[in-house]
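Asker: In this note's numbering, the protein residues as written are 2 to 154.
Cβ atoms here follow ideal geometry from the backbone N, Cα and C, with glycine treated the same way.
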Amino acid sequence: MFSLIFLLLSCGEEKKSYELDLEKFPSMDFEESVKSFEKSDKPILVYFNAFGGVNCRRFEKSLEDGIGLEKIKLKYNFINLHLDDRTELPEAEWFEYKGRTVDRIGGVNIIIQTEKLQTGSQPYLAIMNKEGYVVKSAPGYRLDVKEFLELED
2 MFSLIFLLLS CGEEKKSYEL DLEKFPSMDF EESVKSFEKS DKPILVYFNA
52 FGGVNCRRFE KSLEDGIGLE KIKLKYNFIN LHLDDRTELP EAEWFEYKGR
102 TVDRIGGVNI IIQTEKLQTG SQPYLAIMNK EGYVVKSAPG YRLDVKEFLE
152 LED
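(1) S34 lies in the alpha helix (DSSP H); which residues open and close that run?
(2) Quick check on DSSP: helix, strand or coil for K72?
(3) Look at the alpha carbon of G69 and the alpha carbon of E61, and state the distance between them as a whole number of angstroms.
(4) What's the gap between the Cα of K135 and the Cα of E116?
(5) For the putative contact between E20 and R58, defined by C-beta atoms under 8 angstroms, what is the C-beta separation to the nearest angstrom?
(6) Report all residues from its chain with a CB closer than 7 angstroms to the CB of G121; omit the five preceding and five following residues, and keep chain order.
(7) Measure the C-alpha to C-alpha separation of S34 and Y48 and round it to an integer number of angstroms.
(8) Specify the secondary structure class of K16 as computed by DSSP and reduced to three states.
(9) Following the continuous beta strand (DSSP E) through L82, name the residue where it begins and the one where it ends.
(10) Enumerate in chain order the residues of its own chain whose CB-to-CB distance from N78 is below 6 angstroms, with the five nearest sequence positions on each side excluded.
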């Protein structure tokens, strides 16, 4: 009984220490972001994540503590896509995809990830060129991504 109580209490503490910081990791629009980077020579770093993902918060904390988001933004144009973003698209932008109506921003982001990367896991990183083509994708969930991002200390 004691171990069950301890487990429940420790789960609650862990979630508290990994809170979403929308100022540092705001939800973004893929197409608008890519357009805004047209004149930049930097590659685009796309971060696929979820509002409700504890691993996503751990990953963000790792990026902040281990690398620093500002250092990443010096080398990359950063796009943050939430796959569970429930914000409704304007009705004129709704579309059918594989027999389903896509009417939320998160649905669009899921399609971007699955079509471009053939994966639906989060957190997930991909480096794209300014035309939106994947140049390199991460090997999966890892907290240390300095080598993948080719960032030096």
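Answerer: In terms of the structure at hand:
(1) As a first step, residue 34 is located in the sequence shown; it is residue number 33 there, counting from the start. Its alpha helix (DSSP H) spans residues F31 to S37.
(2) Residue numbering aside, residue 72 sits at position 71 when the sequence shown is read from its first letter. K72: helix per DSSP, three-state reduction.
(3) In the sequence shown, counting from the first residue as 1, residue 69 sits at position 68. In the sequence shown, counting from the first residue as 1, residue 61 sits at position 60. The alpha-carbon atoms of G69 and E61 are separated by roughly 10 angstroms.
(4) Position 134 of the sequence shown, counted from the first residue, corresponds to residue 135. Position 115 of the sequence shown, counted from the first residue, corresponds to residue 116. It is Val, not Lys, that sits at residue 135 in the sequence shown. Cα to Cα, the separation comes out at about 11 angstroms.
(5) Here the question's residue 20 lines up with position 19 in the sequence shown. Here the question's residue 58 lines up with position 57 in the sequence shown. Correct: roughly 7 angstroms between the Cβ atoms.
(6) Here residue 121 refers to the residue found at position 120 of the sequence shown. Excluding residues within five positions, the ones whose Cβ falls inside 7 angstroms are I111, Q114 and T115.
(7) Residue mapping note: residue 34 aligns to position 33 of the sequence shown, counting from 1. Residue mapping note: residue 48 aligns to position 47 of the sequence shown, counting from 1. Cα to Cα, S34 sits roughly 12 angstroms from Y48.
(8) Position 15 of the sequence shown, counted from the start, is the residue given in the question as residue 16. At K16, the pLDDT of 44 sits below 50, so the modelled position is not reliable and the matter cannot be decided from this model.
(9) As a first step, residue 82 is located in the sequence shown; it is residue number 81 there, counting from the start. That run of the beta strand (DSSP E) goes N78 to H83.
(10) The count along the sequence shown starts at 1 and reaches residue 78 at position 77. Same-chain partners within the cutoff: F38, S41, K43 and I45.
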